[in-house]
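Everything on this sheet refers to the single structure shown next.
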């Protein structure tokens with residue numbers, strides 16, 4: 045990436061300040077992680093050398109790739125993620141308004157870094173939009189260390205976030221779901237979540253726990269791997285066990301669909317006998333026979349915001365600085381599954 | 045596109061044969077449309093000049109864009125097309141196996157030709173994968189005239205198809221739906237379709253009509269614009285009218301969801317009282333409370349086939365000629381909505 049450059053580089057700043065490249069990158073991307081005196085030293089070196097981050101990308105722009113890289117995970121049929129599909133549409137539309145296109149790629153290796161490196165080497169893209177983030181996602185640091193512009197849809201949940209990001213506030217969404225069924229009179233409100241260790245799942249769970257604490261409820265958490273069958277099985281255990289819940293707040297619509305099936309199998313009526321709330325407001329949630337109350341993510345807003353953040357980092361004219369951290373608020377779509 | 049070429053071109057073949065570029069293109073892409081003597085003259089010129097179609101693309105490949113262009117239609121939220129989203133995933137995966145990526149773009153104008161031209165001018169792509177085809181789609185001829193490799197997912201339904209294509213046999217799928225409910229004892233089988241003039245809709249309707257004729261049934265066709273509300277309204281009229289159907293075969297799952305609602309509202313049981321069949325087997329079809337019998341398109345196969353056709357046209361090593369026309373057979377997924 046640095047071939048052909050004659051100005052200051054991340055490496056020359058690091059050398060001048062007597063720190064590692066990673067530290068310089070941290071000062072640029074996550075200054076709170078750097079001790080104040082080190083930070084001051086690096087900032088002085090940046091100023092002295094007149095170093096401008098992302099200049100590699102700026103120099104590449106004369107080649108006008110005008111392409112934003114986006115990795116699509118290989119998905120088994122039937123396990124599509126409609127949320128990310130909507131995100132791709134939103135990003136494609138928003139990028140087109142500024143003459144940018146999306147480059148879709150898949151990666152064989154787990155984190156896809158080899159593929160990111162290859163696309164950079166080919167100068168095929170000006171920057172990346174990351175999604176499908178995992179806890180401690182290595183891509184963010186890898187890209188930041190190489191001065192590659194990127195924006196992340198989703199956090200990495202480990203220390204300070206590296207680089208700019210857009211995410212949806214899952215904790216608040218789940219807390220609102222709990223408050224909604226509480227307001228309807230429910231007091232035995234269970235939570236059907238994913239196994240511990242998923243950033244998104246733990247975030248949503250924290251909203252449930254916080255709401256229970258505020259409302260004086262005893263939390264009751266059961267967990268399963270994502271999927272309709274596991275969600276159905278856990279919900280069935282809850283309903284058949286002692287003191288069955290009168291409301292089940294789910295980490296996903298898929299779990300909620302399983303819970304609805306378990307409720308119907310027991311001759312109970314969703315909403316009337318047992319309330320159910322999902323998360324993601326997937327297309328099926330509004331169908332007759334389903335009518336699932338669900339937390340809706342503002343995906344179009346997330347896509348547009350991510351594009352603005354990245355295009356601003358690329359110095360695209362007419363894109364004002366939208367800021368580096370965007371926690372978007374979800375909304376609750378209320379349907380029959382929580383109607384008494 | 046032709047800049048820097050020194051070998052024979054489409055234009056030089058046309059000049060040698062005394063015909064237009066379009067005629068040469070037709071000989072290459074739709075030989076049945078060309079009168080035999082003209083065709084022989086063009087073929088002789090091709091041989092004499094040793095002209096090789098798609099050599100423009102071959103010469104471009106030294107620039108290694110290794111990118112396949114795919115237009116995404118701007119979609120209003122809530123009106124996503126899960127079939128095409130699955131197609132994009134399948135194409136991305138299949139292309140990656142040969143080191144190709146997908147370039148997603150949107151287009152402001154109706155047919156997007158300006159955008160196709162711009163991408164070609166930038167040499168951003170090696171070829172295109174067309175989807176969202178319309179009757180008489182202008183893109184196919186436009187690309188063929190310029191010798192640009194492409195493959196179409198979907199036909200254009202006007203005369204001979206221009207260029208290689210992959211499609212799903214909607215007529216056969218709908219006919220199987222009719223035969224399925226007929227075998228269950230239904231004789232009053234109505235069809236809920238789209239307005240006349242949509243290639244896909246007319247194709248599916250023709251399967252219904254053919255099956256009715258074979259089985260000695262009187263066809264009964266009602267039409268509505270795509271959408272759950274219009275589908276619901278038409279189904280309600282059918283159910284409330286004289287001699288209501290005992291089975292409704294629908295051109296889309298969305299119509300079928302509307303029909304299921306109309307059936308439930310009348311205290312009838314889907315499958316038991318009125319059978320319903322959808323088309324596309326969208327993710328919601330299998331959910332509890334829905335359980336819709338639906339015609340499933342082999343989308344992953346369509347995506348893989350389309351990529352093979354295009355990569356072969358691009359001369360990618362190790363991709364044998366898969367042929368130019370692929371009509372794939374859908375399958376019927378039977379669920380409770382047709383279970384007596």
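Chains as they are written, first to last, in the numbering used here: chain A, 45 to 384; chain B, 45 to 384.
C-beta: ideal position from N, C-alpha, C; glycine also.
**Study point:** Cβ contact (3+ pairs, closer than 8 Å) linking the region 200-209 of chain A and the region 176-183 of chain A
**Key:** yes
Check your understanding: Curious, which full-length alpha helix (DSSP H) runs of at least 4 residues does the region 125-171 of chain B contain?
Key -> 126-140 and 157-165
Practice item. Could you please give the first and the last residue of the uninterrupted alpha helix (DSSP H) stretch that includes residue 350 of chain A? Key: 343-357
Point to revise | Selected residue, minimal CA-CA separation from residue 379 of chain B, among B:316, B:143 and B:110 | key: B:316
Review point. Distance, Cα to Cα, residue 89 of chain A vs residue 161 of chain A?
Key: 28 Å
Check your understanding: For the ligand ADP, is there a heavy atom less than 6 Å away from the beta-carbon of residue 306 of chain B?
Key -> No copy of the ligand ADP appears in this structure; indeed no ligand is present at all.
Practice item. Return the chain-ordered list of same chain residues with a C-beta closer than 8 Å to the C-beta of residue 363 of chain B, the five sequence neighbours on each side being excluded. Key: 142, 352, 355 and 356
Exercise for review: For chain B, find out if any of its Cβ atoms is closer than 7 Å to the Cβ of residue 136 of chain A; answer yes or no.
Suggested key: yes
Point to revise | Supposed close pair residue 268 of chain A, residue 260 of chain A - CB separation, criterion 8 Å | key: The pair is not a contact, with the Cβ atoms about 27 Å apart (cut-off 8 Å).
Practice item. Kindly indicate which residue of B:321, B:296, B:136 and B:144 has the alpha-carbon position closest to the one of residue 244 of chain B. Key: B:296
Check your understanding: With a cut-off of 7 Å, does the C-beta of residue 104 of chain B fall near any C-beta of chain A?
Key -> Bear in mind that a pLDDT of 41 at residue 104 of chain B, under 50, signals an unreliable position, so the number given afterwards is only what the model happens to contain. Judged by the 7 Å Cβ criterion, residue 104 of chain B is not in contact with chain A.
**Study point:** Collapsed DSSP secondary structure at residue 381 of chain B in the structure displayed
**Key:** helix
Exercise for review: With a cut-off of 8 Å on the beta carbons, I'd call residue 135 of chain B and residue 280 of chain B a contact; round off their distance for me.
Suggested key: 39 Å between Cβ atoms; not a contact.
**Study point:** Beta carbon of residue 211 of chain B nearer than 7 Å to that of residue 371 of chain B
**Key:** yes
Check your understanding: Span of the beta strand (DSSP E) holding residue 211 of chain A?
Key -> 209-212
Review point. Just the Cα atoms here: how many angstroms apart are residue 62 of chain A and residue 186 of chain A?
Key: 21 Å
Point to revise | For residue 111 of chain B, the residue or residues it bridges with in DSSP | key: B:145
Check your understanding: Beta carbon of residue 359 of chain A, beta carbon of residue 138 of chain A: below 7 Å?
Key -> no
Review point. Using the beta-carbon count (16 or more within 10 Å), is residue 75 of chain B buried or exposed?
Key: exposed
Check your understanding: How would you call residue 375 of chain A, buried or exposed, if buried means at least 16 neighbouring beta carbons within 10 angstroms?
Key -> exposed
Review point. Of all Cβ atoms in chain B, is any one closer than 7 Å to the Cβ of residue 149 of chain A?
Key: yes
Exercise for review: Let me know the secondary structure DSSP gives residue 95 of chain A once reduced to three states.
Suggested key: coil
Point to revise | Spatially closest choice to residue 65 of chain A from A:304, A:255 and A:188, by CA coordinates | key: A:188
Practice item. Could you tell me whether any Cβ in chain A is nearer than 7 Å to the Cβ of residue 334 of chain B? Key: yes
Review point. Can you find a C-beta in chain A that's less than 7 Å from the C-beta of residue 190 of chain B?
Key: no
Exercise for review: Classify residue 231 of chain A as buried or exposed, calling it buried when 16 or more other Cβ atoms lie within 10 Å of its own Cβ.
Suggested key: exposed
Check your understanding: Of all Cβ atoms in chain A, is any one closer than 7 Å to the Cβ of residue 160 of chain B?
Key -> no
Check your understanding: Counting along the chain, where does the alpha helix (DSSP H) carrying residue 245 of chain B start and finish?
Key -> 243-259
Point to revise | Contact list for residue 305 of chain A against chain B, beta-carbon separation under 9 Å | key: 331, 332 and 333
Exercise for review: Put residue 263 of chain B into one of helix, strand or coil per three-state DSSP.
Suggested key: coil
Review point. Along the chain, where does the beta strand (DSSP E) that runs through residue 237 of chain B open and close?
Key: 233-237
Check your understanding: Who are the near neighbours of residue 106 of chain B in its chain, counting only those whose CB is closer than 6 Å to its CB and skipping five residues on each side?
Key -> Below a pLDDT of 50, predicted positions are generally treated as unreliable, and residue 106 of chain B, at 48, falls in that range; the measurement from the model is reported next regardless. The answer is none, since no qualifying residue turns up.
Practice item. Starting from the beta carbon of residue 5 of chain A, find every residue of chain B whose beta carbon is closer than 8 Å, and list them in chain order. Key: Since the displayed chain A opens at 45 and closes at 384, residue 5 of chain A lies outside it and no answer follows.
Check your understanding: Could you give the residue range of the alpha helix (DSSP H) that holds residue 307 of chain A?
Key -> 297-309
**Study point:** C-beta contact flag for residue 320 of chain B and residue 303 of chain B at 7 Å
**Key:** yes
Practice item. Leaving out five residues on either side along the sequence, give the residues of the same chain with a beta carbon under 8 Å from the beta carbon of residue 273 of chain A. Key: 302
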